[in-house]
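This report concerns only the one structure given below.
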Amino acid sequence: MSTEILLNNNVVSERMDEIKQKLSSTDLDNINNKVDFFVDSIFNNAEKNDSILKSQISSIENLGSTEVSQLSTLTSDLTNFQMRELNNHDDKGRSKSIGDNMLALQKQANDLLPSKFMNRKFLGIFNIPVLNSFDKYIRKFQNSQTVMNDIIVAIKNGRESLLKNNEDLLNQTKQLHELGLMLEKYLYLTTHIYDNVNFKFEEAIKNNLLSEQEKSYIRSEILHGLQAKISSFETQIALTYQGILSFDLITNSNKQLIQSSKSCEDTTVTALNIGMTIASATHNQKQNLKY
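Structure below.
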């Protein structure tokens with residue numbers, strides 16, 4: 000046996016051991032019973048009952064079809080979610096994401112910094128920061144209020160949407176975990192069926208218990224079909240866990256954005272209140288210095 004085959008066998012054995020740890024004793028008993036029945040229907044079928052054999056082969060072919068369909072639906076939901084994010088623009092092509100609203104709020108707040116309305120030269124002597132025009136600042140503040148309130152509402156709505164998305168994503172992640180476990184159970188079953196059938200097949204050939212027609216049938220219809228099914232399950236399991244990683248990535252990204260948006264909102268409102276306080280104070284300072 001080549002080194003490559005030995006390595007592959009070791010990898011498969013380790014994979015099966017990992018899956019076995021996840022299965023209950025009831026699961027393992029059911030799997031062993033199914034393996035024994037499948038092998039018996041091929042090699043210990045004294046009456047050569049084709050209907051029993053065909054029924055067993057058909058059951059393997061259809062094994063996991065429901066779970067694969069569910070997996071396809073869940074991954075389609077992920078694609079649809081990403082497409083909604085890509086298409087999240089208004090009729091003028093501007094992004095309506097919570098991140099863009101946060102930037103818009105920050106820009107509005109920056110435009111209202113009291114420092115932009117300050118003049119540090121007063122009476123030509125004192126280096127005192129005073130407001131050039133308190134009325135100008137107030138008008139700017141009032142004109143920006145409506146825009147900022149709309150942006151804050153949009154941020155809150157975006158945050159609520161992200162929270163709802165995370166609820167949906169967590170539910171879908173749970174479903175993917177359940178599907179992954181079920182597919183692993185099927186992989187464990189088909190792998191053990193293949194190993195046992197292949198072992199019995201090799202023994203039967205050594206003992207000249209099979210006709211050429213039976214050998215050909217077992218190779219092409221049974222062993223080949225089992226190998227194809229095993230490969231399919233391995234692919235579906237890999238896709239399942241890739242989906243879980245994708246959902247987790249989006250969920251964590253949403254969590255960070257939710258926290259950032261709340262911090263941005265709270266900080267901006269506080270900064271604006273402080274800005275108005277500074278503007279009022281410097282205006283009063285200017286008025287007092289006149290007298």
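Residue numbers are given in numbering that gives the first Met the number 0: position 242 of the sequence shown equals residue 241, and the series is strictly consecutive. For each residue, glycine too, the CB sits at the ideal point set by N, CA and C.
{"Item": "Pull up the CB-CB distance for Ile249 and Leu175, whole angstroms please, since I reckon it's below 8 Å.", "Value": "Actually they are not in contact, since the Cβ atoms of Ile249 and Leu175 sit about 13 Å apart, beyond 8 Å."}
{"Item": "How many angstroms separate the CA atom of Lys120 from the CA atom of Lys106?", "Value": "With a pLDDT of only 47 at Lys120, under 50, the local geometry of the prediction cannot be trusted, and no value is derived from it."}
{"Item": "Give the secondary structure of Met15 by DSSP, where H, G and I count as helix, E and B as strand, and everything else as coil.", "Value": "helix"}
{"Item": "Is the beta carbon of Ile154 closer than 8 Å to that of Leu104?", "Value": "yes"}
{"Item": "Hey, is the stretch 156-168 in contact with the stretch 192-199, meaning 3+ C-beta pairs nearer than 8 Å?", "Value": "no"}
{"Item": "Can you tell me whether DSSP reads Gly98 as helix, strand or coil?", "Value": "helix"}
{"Item": "Determine the direct distance from the alpha carbon of Gly63 to that of Ser75, and round the result to whole angstroms.", "Value": "18 Å"}
{"Item": "Kindly give me the distance between the Cβ atoms of His223 and Val34, rounded to whole angstroms, as I take these residues to be in contact under 8 Å.", "Value": "About 18 Å; that fails the 8 Å criterion."}
{"Item": "For the candidate residues Leu256, Phe246, Asn251, Thr266, whose alpha-carbon lies nearest to that of Ile97?", "Value": "Leu256"}
{"Item": "Please report how far the alpha carbon of Asn32 lies from the alpha carbon of Leu73, in whole angstroms.", "Value": "32 Å"}
{"Item": "Taking the straight line between their C-alpha atoms, what separation do you get for Glu66 and Ile229?", "Value": "15 Å"}
{"Item": "With Leu169 and Glu233 assumed to form a contact (beta carbons below 8 Å), what rounded beta-carbon distance in angstroms separates them?", "Value": "Incorrect: roughly 27 Å between the Cβ atoms, too far for contact."}
{"Item": "By a C-beta neighbour count over all protein chains shown, 10 Å radius and 16 as the cutoff for buried, is Ser262 buried or exposed?", "Value": "exposed"}
{"Item": "Can you give me the start and stop residues for the alpha helix (DSSP H) that Leu27 sits inside?", "Value": "24-42"}
{"Item": "Taking the alpha-carbon positions, what's the Asn61 to Ile221 distance?", "Value": "14 Å"}
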